[in-house]
Amino acid sequence: MKIATFNINGVKARIETVSTWLSDSKPDVALLQEIKSVDENFPRQHFEDMGYTVETHGQKGFNGVAILSKLPLEDVTRGLPGDDSDEQARWIEATVIGERPIRICGLYLPNGNPAPGPKYDYKLAWMERLKARAEALLEMEEPALMAGDYNVIPQDEDAARPDAWRTDALALPQSREAFRRVLNLGFTEAFRARNMAPGHYSFWDYQAGAWDRNDGIRIDHFLLTPQCADLMQDCWIEGEMRGREKPSDHVPVWLDLAA
DNA sequence: ATGACCAGTAACACTGGA
114 MKIATFNING VKARIETVST WLSDSKPDVA LLQEIKSVDE NFPRQHFEDM
164 GYTVETHGQK GFNGVAILSK LPLEDVTRGL PGDDSDEQAR WIEATVIGER
214 PIRICGLYLP NGNPAPGPKY DYKLAWMERL KARAEALLEM EEPALMAGDY
264 NVIPQDEDAA RPDAWRTDAL ALPQSREAFR RVLNLGFTEA FRARNMAPGH
314 YSFWDYQAGA WDRNDGIRID HFLLTPQCAD LMQDCWIEGE MRGREKPSDH
364 VPVWLDLAA
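According to the working numbering, the first sequence holds residues 114 to 372 in order.
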């Protein structure tokens with residue numbers, strides 16, 4: 114089973130790009146972030162016609178996550194637990210019913226800039242809630258994963274110019290520590306389990322010719338429970354997508370599971 | 001700061017992104 118995570122930067126603006134990608138690359142499950150659409154306006158029928166089951170958790174204007182799946186989905190839940198006052202649409206979960214059921218969480222972690230400030234406080238608080246959900250997933254002792262746009266550059270080798278990000282919310286020591294605290298509960302960071310080399314990125318800014326200069330960062334990640342990591346066959350980044358027509362500023366990251 | 005953006009909402013500028 115091939116699962117991809119992709120921050121599409123607006124479903125309306127990306128409908129053509131995403132549809133071509135689905136037809137060409139054929140993910141069994143696609144976790145989408147930044148759909149920037151309310152559920153009523155999401156082009157559900159369009160993706161259903163392509164053979165996908167569609168579950169969305171959107172809001173007006175910003176954020177928003179979705180799951181497209183060729184396999185049946187069960188027990189869909191929306192919103193990251195831990196703060197009933199949080200109105201931002203950044204988390205969706207479902208169980209994918211394949212050879213072996215897998216709990217899949219799609220996430221869009223807050224950017225947090227400028228730091229310090231209320232937006233950074235929100236990011237760190239959100240990561241605390243993520244850690245709590247991650248602990249609960251581990252306790253199930255079943256194949257499960259959390260994937261999406263983490264808005265965290267885990268290490269210096271995940272940026273072309275690490276010094277340019279030194280004071281940014283994506284790379285501040287507190288952000289990296291919060292990410293590591295989740296990882297160190299016992300998750301496998303899928304891409305790094307397969308490839309230790311520097312120079313692999315999942316985001317290139319639209320500005321200043323970042324793509325042409327390969328001035329990128331790696332911020333889209335797959336975190337796997339041990340039972341899920343046992344099933345991993347491969348993990349890779351589809352960087353080529355950034356050079357296509359009307360690209361998102363992110364590219365898809367892929368996970369292949371023996372399930 | 002090696003360089004000049006993009007999407008959505010709302011109306012001819014702003015917010016948010018990273």
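By construction, the Cβ of each residue, glycine as well, lies at the ideal position given by its N, Cα and C atoms.
On a predicted model such as this, the values are computed, not experimentally measured, just so you know.
Inter-residue spacing [alpha-carbon to alpha-carbon] between E187 and D152: E187 and D152: Cα-Cα distance of roughly 18 Å.
Range of the contiguous beta strand (DSSP E) that encloses K115: DSSP places K115 in the uninterrupted beta strand (DSSP E) bounded by 115 to 120.
S315 classed as buried or exposed, judged by whether at least 16 other C-beta atoms fall within 10 angstroms: Result: buried.
Boundaries (first-last residue) of the alpha helix (DSSP H) holding W239: Where W239 is concerned, the enclosing alpha helix (DSSP H) starts and stops at 231 to 253.
Beta-carbon gap between A222 and W204 smaller than 7 Å: One point to set straight first is that residue 222 is Leu, not Ala, in the sequence displayed. No, they are not a contact pair.
Whole-number beta carbon distance between R307 and D347, since they are thought to touch under 8 Å: Between D347 and R307 the beta-carbon gap is near 6 Å, inside 8 Å, which marks them as a contact.
DSSP bridge partner residues for T169 (one or two, in chain order): Note: T169 is bridge-paired with A179 in the DSSP secondary-structure output.
Uninterrupted beta strand (DSSP E) stretches inside the stretch 301 to 343 (no shorter than 3 residues): Within the stretch 301 to 343, the complete beta strand (DSSP E) runs of at least 3 residues fall at 333 to 337.
Closest by C-alpha distance to C341, when choosing among L370, V209, G322: Among L370, V209, G322, the Cα nearest to that of C341 belongs to L370.
Three-way DSSP call (helix, strand, coil) for R216 in this model: In the structure shown, R216 sits in a strand (DSSP, three-state: E or B).
Sufficient close CB pairs (3 or more, under 8 Å) joining the stretch 323 to 337 to the stretch 121 to 137: Not touching, per the Cβ criterion.
Test item: CB-CB of A273 and D328 under 7 Å: Contact: yes.
Which of helix, strand or coil DSSP assigns to V142: Looking at V142 - three-state DSSP - the assignment turns out to be strand.
Straight-line Cα distance separating L296 from E248: About 10 Å.
Cβ-Cβ distance between I332 and N264 below 7 Å: Closer than 7 Å, so yes.
Close Cβ partners of K183 (< 7 Å) along its chain, the five nearest in sequence each way excluded: Cβ neighbours of K183 beyond the five flanking positions: D141, G164, Y165.
Enclosing alpha helix (DSSP H) for L296 [first to last residue]: In the DSSP annotation of this structure, the continuous segment of the alpha helix (DSSP H) that includes L296 starts and ends at 286 to 296.
Reduced DSSP secondary structure (H/G/I, E/B, other) of I350: DSSP places I350 in strand when its eight states are reduced to three.
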